[in-house]
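Below you'll find the structure, written out as structure tokens, and then a few comments.
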Amino acid sequence: MRYEIIFSGIGGQGMILCGKIAAEAASIYEKKHSVQTVYYGPESRGGIAESYVIISDEPVDYPKITRAHALVAMSQSGLDRHLAHIHENAVIITETGKVVTEGRIPRRASLSAGAFTEESIRIMARPLAANIVALGLFSAKTQMISPEACKKAIRHNVPAGTEEKNIAAFDAGYQLGING
Amino acid sequence: MRYEIIFSGIGGQGMILCGKIAAEAASIYEKKHSVQTVYYGPESRGGIAESYVIISDEPVDYPKITRAHALVAMSQSGLDRHLAHIHENAVIITETGKVVTEGRIPRRASLSAGAFTEESIRIMARPLAANIVALGLFSAKTQMISPEACKKAIRHNVPAGTEEKNIAAFDAGYQLGING
Amino acid sequence: MAGKKEFLIKINLDFCKACGLCYSYCPTKAIGPDKEFRASVVDADKCIGCLQCENYCPDFAIEIEEIK
Amino acid sequence: MAGKKEFLIKINLDFCKACGLCYSYCPTKAIGPDKEFRASVVDADKCIGCLQCENYCPDFAIEIEEIK
Amino acid sequence: MGEIKFLQGNEACALGAMRAGLRFFGGYPITPSSEIAEQCARLLPCSGGRFIQMEDEIASIASIIGASLAGSKSMTATSGPGFSLMQEALGYGIMAEIPFVVVNVMRGGPSTGHPTGPSQGDIMQARWGTHGDHPVIALYPESVPETYYEIIRAFNLAERFRQPVIFLMDEILGKMNESVEIKDDISVFEREKIQSRDGRYRPYAMKDDIPLTANYGEGLRFHVTGLFHDETGFPDVSGENIQKNMDRMYRKIENNIEELQKWEESGADNPEILLVSAGTQARSAKMACQELNSRGISAAVFRPVTVWPFPEKRLSALAARSKKVLVVEMNKGQLADECRKFISDEKLIPVNQLNSEMISPDEIIRQVEGVL
Amino acid sequence: MGEIKFLQGNEACALGAMRAGLRFFGGYPITPSSEIAEQCARLLPCSGGRFIQMEDEIASIASIIGASLAGSKSMTATSGPGFSLMQEALGYGIMAEIPFVVVNVMRGGPSTGHPTGPSQGDIMQARWGTHGDHPVIALYPESVPETYYEIIRAFNLAERFRQPVIFLMDEILGKMNESVEIKDDISVFEREKIQSRDGRYRPYAMKDDIPLTANYGEGLRFHVTGLFHDETGFPDVSGENIQKNMDRMYRKIENNIEELQKWEESGADNPEILLVSAGTQARSAKMACQELNSRGISAAVFRPVTVWPFPEKRLSALAARSKKVLVVEMNKGQLADECRKFISDEKLIPVNQLNSEMISPDEIIRQVEGVL
Amino acid sequence: MFDYAEYLRLDKLPHIWCYGCGNGIILKGAIRAIDKMGWEKDSVMAVSGIGCSSRATGYLDFNSLHTLHGRAIPFATGIKMAKPELNVIVFTGDGDATAIGGNHFIHAARRNINLTVILFNNNIYGMTGGQYSPTTPKGYFASTAPYGHIDPSFDIVELALGAGATFVARSTVANPREMEKVIHEGLKNKGFSLIEVVSNCHERFGKRNKMKSPYEMIEWIRSRSVSKVKAESMEAEEREGKIITGIFRQETRPEYVETYDELVLKKARGGI
Amino acid sequence: MFDYAEYLRLDKLPHIWCYGCGNGIILKGAIRAIDKMGWEKDSVMAVSGIGCSSRATGYLDFNSLHTLHGRAIPFATGIKMAKPELNVIVFTGDGDATAIGGNHFIHAARRNINLTVILFNNNIYGMTGGQYSPTTPKGYFASTAPYGHIDPSFDIVELALGAGATFVARSTVANPREMEKVIHEGLKNKGFSLIEVVSNCHERFGKRNKMKSPYEMIEWIRSRSVSKVKAESMEAEEREGKIITGIFRQETRPEYVETYDELVLKKARGGI
Ligand SMILES: Cc1ncc(C[n+]2csc(CCOP(=O)(O)OP(=O)(O)O)c2C)c(N)n1
Ligand SMILES: Cc1ncc(C[n+]2csc(CCOP(=O)(O)OP(=O)(O)O)c2C)c(N)n1
Ligand code: SF4
Ligand code: SF4
Ligand code: SF4
Ligand code: SF4
Ligand code: SF4
Ligand code: SF4
Ligand SMILES: [Mg+2]
Ligand SMILES: [Mg+2]
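If you read the sequences in order, they're chains A, B, C, D, E, F, G and H. Under the working numbering, the first sequence has 23 at position 23, and the numbering climbs by one with no breaks. Heads up: take any position in the second sequence, counting from 1, add 1000, and you land on the working numbering. Heads up: take any position in the third sequence, counting from 1, add 2000, and you land on the working numbering. Heads up: take any position in the fourth sequence, counting from 1, add 3000, and you land on the working numbering. Heads up: take any position in the fifth sequence, counting from 1, add 4000, and you land on the working numbering. Heads up: take any position in the sixth sequence, counting from 1, add 5000, and you land on the working numbering. Heads up: take any position in the seventh sequence, counting from 1, add 6000, and you land on the working numbering. Heads up: take any position in the eighth sequence, counting from 1, add 7000, and you land on the working numbering.
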């Protein structure tokens, strides 16, 4: 089966890294096929910055989104822009307080929101790992990629020295998903 | 009729200017059609430098030589290279002493040679107008372009201040042709 | 206090990018960060109109006006 | 004259372009122009081996050799 | 009748440009085009224009784009190596829709190649040399008088369509001398401008798909960029805007193709043998054609004067009626390759030569005889 | 089975180049290619190679030509604007027959265009960007693993044919992440040299039309120039020599076309509908094709991997058996235009989009349905 | 109160630059300096190349032109030749003006054509992600210098002097008022003027080099700045790595287009 | 007797240069200077651009490369990076090195890469027929300056100094022995060396400017030449139009490729 995920946000929020971790986890540690593509603006910071991940048992041809099964939206525009491109029963992940969801989510879609930034600040005193918290929530809610695979990919992709904090951030997000 | 002339020499001998004067004389002062094209090497001095003139009552299409009616050759290679491209009864003009002609001129061609450099030195104390002397001889021998037209074109093309000397050089060449 | 000049600190939050330069360079701390690190007026009375904030703000987000 | 050095002036007419630099710069006029302004030996005895001609000749056309 | 002047091709190019209203030339010398710069250096100041020799070809084309934006009709001239260097900025001119003329007097390539030899090797480069999709206008005359008049047309088209025009010549043409009748009644197109503004001035407001941008320094302050942009001139890289403007830029050419295209037909009507040839090489084809006709062979010459957009429709119609089409070029078959798009391989015969000489009438006749 | 790595396209390009024996990279950053330079800066010194960031793209390509002549396998990477600037020196590489690889990660053009958007707008430029007639080799992979292996092939072809190879990628591919199996058995072609000299060493002595020039600094002192030259490497601009060498340079490609060309065919045999597409866009065509097949429509995809010389013969044969040929491209129809040379206008349907997004499988299916 | 809005295309703000980017500080200083000139907005022509810094022209309510990477100066040269009455200001970066555009820079300086070049020197290629530029200091890290940078830097002031510029100055974002002053002096010069303004890019340079915030970077710049007067009394080694600020040349020499008009136009008209 | 033939490709002579062209004088001086280095011919790499002067490489029996107009230095840079053991000498002209190639010139100087650049400055574009170059003196005529030239010239020495070259010298064809000496000093420098040699082109420059013979032109050069020492005691106005000869900088700074190998190669190997 072909599984499509959108990680959407603005520059600096780490949505491109998030997609890369997810795709790498699926491909290297779960031995599935995956591909991640990106979209970004010319701005160094603050413009749209998002990535698309396709996971499949078969080799992936078309690497872009046809209709997403999951949407991780860290910004309002990231949610709004993509509502037209998701499956009716898609999993939607957003940040509490930052993204208004009321009246926007398709009826059969499942929405999970978490205070990612807060969690990150709690764990590493900085908002930097909010994306990883979101990834944890995503992993828990979709079960598309195992937490183990995710964590391996996280270790491989975050700056040296920040591995444990990021793992903690992931776990926090995963817990949100399990509990919520 | 289409009349073709080759002015051949090496850089610095003024064969390109010579061709331009002839073509301009024919076209502007004799109201014929004419075109002049050139061939030259990358060297600033000393390489091949020649020009081709076509004179015709009709507009000239092909601007290069098919078979020349006249060949003015100021260098040995200029003569040798072109013997294959001339009419059997072509007019050939060369400089006495500088170009070996013995045994090379086609039977029915007419050869005229003159001491162009000497004449030039006589007239202007410098060898610079040897080409114009040759042009005079050419004009006399072929009668393709009237001396009047040539002289007008000379005045128009030589550096200001040298007009009279160049006219004298032309006349000297023309006399050679009439007398010889 | 006679002669003391008063200043209006005008902050445009639509432009402010929370870089912190204005309040870092404010010699009197008349301004400071808000919760999201954007510029905010702490105590307008402290403002001496030195324009440090205005000169350093890269975003045309803070301007100082003398109140006459 | 004892001690006076003698020199061979070697001119390569295939290379000489008649620029005149060698004999213009020859301090003794040991060399001069031929009819076509190429370099030619006027009086080899006058040559003092200063190499002016050789240094100025752009065409590798003149060389001076000391005769031992 | 106008005055008759005896001119070199390069000289006629400069004089024609002056006649078209040239006011600025920025260039860098290169054989066999340098006389164009030299003439402009001499002529421009006589009419209040200005000449500058820039540090290289990139600076040259950049300077003329700047001058054009400031309102001066502008030109540069070069040959293959310089034309290659100009490709990036040429694309800027196309993207920002700025009128100017780039002359390329073709010499033997690739690379330094044969600086003093002729070739027709840059015809495809003129079409595709810069990156990205883009429409192109390129003209290529065959004679000195035609150079004079076609360079005027080049300026007119540039100004009318707001687009750089590539003016191809070849070494033979650039260095050739011929007489030119300087006619009095020549129409020169002057830049049309939309000056009105409602709110912000929109330099890329369109009239029939053509932007009528004002000149800098005339009171309308606007922005120009090489990024995709909207009517206001400011960047807009949204998919819709890119698609819309690329479509429009192609349309601006396609909808005016008759005004743009020009060609010459000579020889027999409904010929059996059609010779296709451009630039000076066409003159050889014409002589060959006359000879063929005189021998009773039904032959004609089709000579594109506008090389891009290539006059495909007309040539296609002519080819349909001919038995064989010989495309005669001083290159490896660039126009012939283009003709493959609409002339079948059975009919099409490339006649090519790359020995730094024009293909002679005799050789063309020989080739024709070979296929009869 | 080799190690599996999860790599970005640009990264795979750099790693593959290292595997092919890259020893020198000279470059200038530009979006979306910069990661190639960044990776080379990191990787090269680890294997005794060297990296330099030059002052611009012209210097970059000049430096790699120099390094190649001195014996180092060399590469540069850029995008449209830089590729335009490299055209003159690219021609030098072709003329002097020097092996190196130029990567162009295509972005939206012309001009600055859309720096972070994908396009396939430089395909024709790769063929015709430099002046003068010249043969071209250009490859264009579709995926990260294919990038890894094709860049190795690019180096092998460059070294074998003594010719620059243009390596096309697109913004999607350059920035895409995928896993790559790094195989052990990879064949790397090492420069063959004719070292023997009878009299003056002849760097352009040919073996099967290919010059086996030595490296500088290995004891054979020779001359290289961008002018037309003979076997000794010295200038010879005689007509015969130019004709002879241009013919040979084309022949060196044409006679080895099977070794050079590579393509992929997928989907139905003898399809009614043939989709032609290159690079990442082909992946969309392949998905569309599967869907069409699953709906019972006989469709197949032809994907050129070697873009130049274009695999005309094979595609022509396939097209002959199909009812319709849709050429699907993120440009204004550049390959479609090329296909016009051997596929009739009735059969050929260009499917183009220039809105900085890949044409989706849905859109392709819609187009196919429109012609059924 | 200074009215920046008068000179801005407000609808284009906030600009695309990162929070705290020095580009905004320079842009403001330039606006204040231009304001002092009292020029009509219509008479001002702002030209830029490509780079973060080169985006400046889009925000200014003048005639504005965003050209190609490295080519702002020759575009500006053409404009000046065509309409000398325009006050042409070039906004450029260290990469734009001294890497790819280095040749145009030195030639415009040589000609002494009346352009004012405001060079935003952030010691890095900001827009493309932090590759080293001709002014990246030795030993620092960049995305293409993962093991530390080894290139000696251009001293842009020395380069401009060597090329023959008639006005050459350097300032920094650490001193916005002084910067404004030297830009103003540069604008007054009738000839080629270069004002290098050392700026901060914490995003692409700072973060790789242990300076995470704009403030840290500006203070780093300040800590290395010394005035020209002070530098003159320093030893060579002491000067190493310092940013020497001030006006280095301020000279009156014939301007290019004026000379052209006086000599060439006159002679041509007389002569023909 | 000095054996020029040892270094020449005799079958390529006579060369294509005009009679009396200074290029030949410089070529000879360079040969003598190279000879003093005692290098194996196989270890010498001669690189040139395009121009009359750039034809020099074809006559030298070294490894030789005739590149593109203006690009000799970046080609040479690549060669040096690939094979640092080669002794790389660049033969170039005033147009080649300071017009179209100006950027490469200043960047190679900045890097201090070990190239010796011998710049034949004849103040004109010889090969293309006498258009003005960045060093054509004001007031003189050129084919593109029919009314007299108005551009200020580059002082190539100042430019090289400003860009950071470690060896900078100027000589002229009027003094072939001194020229040989400074070329030799330049060859010895491990780093970027620039030797400008002022030369005569009577054909394209002289004839337009009332100097018809090579001799006249060389004497014109001599008449304007003053040594650096002497020039230092001259007033600015006096120095105007003078050709100041001598060595202007001779400094030891780390060479580029050596630094690369010491720092980058080492760290990369250690670090990975
Ligand atoms: C011909 C070309 N080459 C490369 C680029 C990519 N590019 C865009 S901006 C830039 C560097 C900008 O550096 P700088 O001028 O210092 O500006 P900054 O972003 O640092 O302000 C580069 C290399 C380009 N746009 N065009
Ligand atoms: C890209 C490019 N532009 C222009 C030319 C034409 N060109 C050849 S040599 C030359 C000038 C040479 O001047 P200089 O370097 O001073 O050499 P000189 O002939 O004076 O020795 C020019 C402009 C070229 N070959 N390539
Ligand atoms: S003007 Fe000075 S004192 Fe007032 S807020 Fe700004 S920085 Fe602080
Ligand atoms: S300096 Fe400007 S942008 Fe930064 S925090 Fe202060 S007001 Fe906001
Ligand atoms: S060595 Fe001196 S003296 Fe002898 S011929 Fe030469 S220049 Fe004259
Ligand atoms: S200097 Fe050389 S070329 Fe000139 S005249 Fe003397 S020998 Fe001949
Ligand atoms: S990347 Fe650097 S220069 Fe660019 S906007 Fe951000 S901080 Fe400024
Ligand atoms: S044109 Fe000038 S530089 Fe060229 S060879 Fe002749 S004299 Fe020398
Ligand atoms: Mg920068
Ligand atoms: Mg020169």
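Where a beta carbon is used, it is the ideal one built from N, C-alpha and C, also for glycine. As the structure is a computational prediction, the values presented were derived from the model and not from experiment.
Only those residues of the region 6096–6107 of chain G whose C-beta falls short of 7 angstroms from the nearest C-beta of chain E are listed: Asn6103, His6104, His6107.
Within 8 angstroms of the C-beta of leucine 2021 of chain C there is at least one heavy atom belonging to ligand 4.
Around the Cβ of lysine 3010 of chain D, a 10 Å sphere holds fewer than 16 other Cβ atoms; the residue is exposed. Interface flag for serine 4034 of chain E against chain H is set, since a Cβ pair is found closer than 9 angstroms.
Secondary structure of alanine 7145 of chain H (DSSP, three-state): strand. When secondary structure is reduced to three states using DSSP, glutamate 1030 of chain B falls in the coil class, being assigned neither helix nor strand. With distances taken between CA atoms, glycine 4121 of chain E lies nearest to E:Phe4083 out of E:Phe4083, E:Val4368, E:His4131, E:Thr4147. Burial is judged here by how many other beta carbons sit within 10 angstroms of a residue's own beta carbon; glutamine 4087 of chain E has at least 16 and is buried.
Looking at the DSSP output, lysine 2010 of chain C sits in a beta bridge with C:Glu2063.
Ranked by Cα distance from glutamate 2036 of chain C, the options A:Gly19, A:Pro127, A:Pro106, A:Glu50 are led by A:Pro127. With a threshold of 8 angstroms, the Cβ atom of tyrosine 40 of chain A does not count as near ligand 1, since no heavy atom of the ligand is closer than that. With a cut-off of 8 angstroms on Cβ pairs, the region 5166–5186 of chain F is in contact with the region 17–35 of chain A, counting three or more such pairs. Those residues of the region 4237–4271 of chain E placed with their C-beta closer than 8 angstroms to a C-beta in chain B do not exist.
About 5 angstroms separates the beta carbon of aspartate 5170 of chain F from that of methionine 5106 of chain F, a gap short enough to meet the 8 angstroms contact definition.
Classified as buried, glutamine 4125 of chain E has 16 or more neighbouring CB atoms from the shown chains inside 10 Å of its CB. A distance criterion of 8 angstroms places the beta-carbon of tryptophan 7017 of chain H in contact range of ligand 8, judged by its closest non-hydrogen atom.
Straight-line measurement puts the Cα of histidine 156 of chain A at about 25 angstroms from the Cα of alanine 115 of chain A.
Boundaries of the alpha helix (DSSP H) around proline 5145 of chain F: 5144–5161. The secondary-structure analysis by DSSP pairs tyrosine 52 of chain A across a beta bridge with A:Ile6, A:Thr37.
Cβ-Cβ distances below 8 angstroms link glutamine 5008 of chain F to Glu5035, Val5144, Gly5174, Lys5175, Met5176, Asn5177 in the same chain, with the five nearest sequence neighbours on each side left out; the list follows chain order. Collapsing the DSSP output to three states places glycine 5113 of chain F in a strand. A buried status is given to glycine 11 of chain A, since no fewer than 16 other beta-carbon atoms sit within 10 Å of its beta-carbon.
When the five nearest sequence neighbours on each side are left out, the beta carbons in the same chain lying within less than 7 angstroms of the beta carbon of alanine 3018 of chain D are those of Glu3036, Phe3037, Arg3038, in order along the chain. DSSP, reduced to helix, strand and coil, places isoleucine 4123 of chain E within a helical segment of the structure shown. Not one beta carbon of chain H lies nearer than 9 angstroms to the beta carbon of aspartate 4170 of chain E. Under the DSSP definition of a beta bridge, isoleucine 5065 of chain F lacks any partner.
Looking only at E:Gly4199, E:Ile4061, E:Ser4063, E:Leu4022, the smallest Cα-Cα distance to cysteine 4046 of chain E is reached by E:Leu4022.
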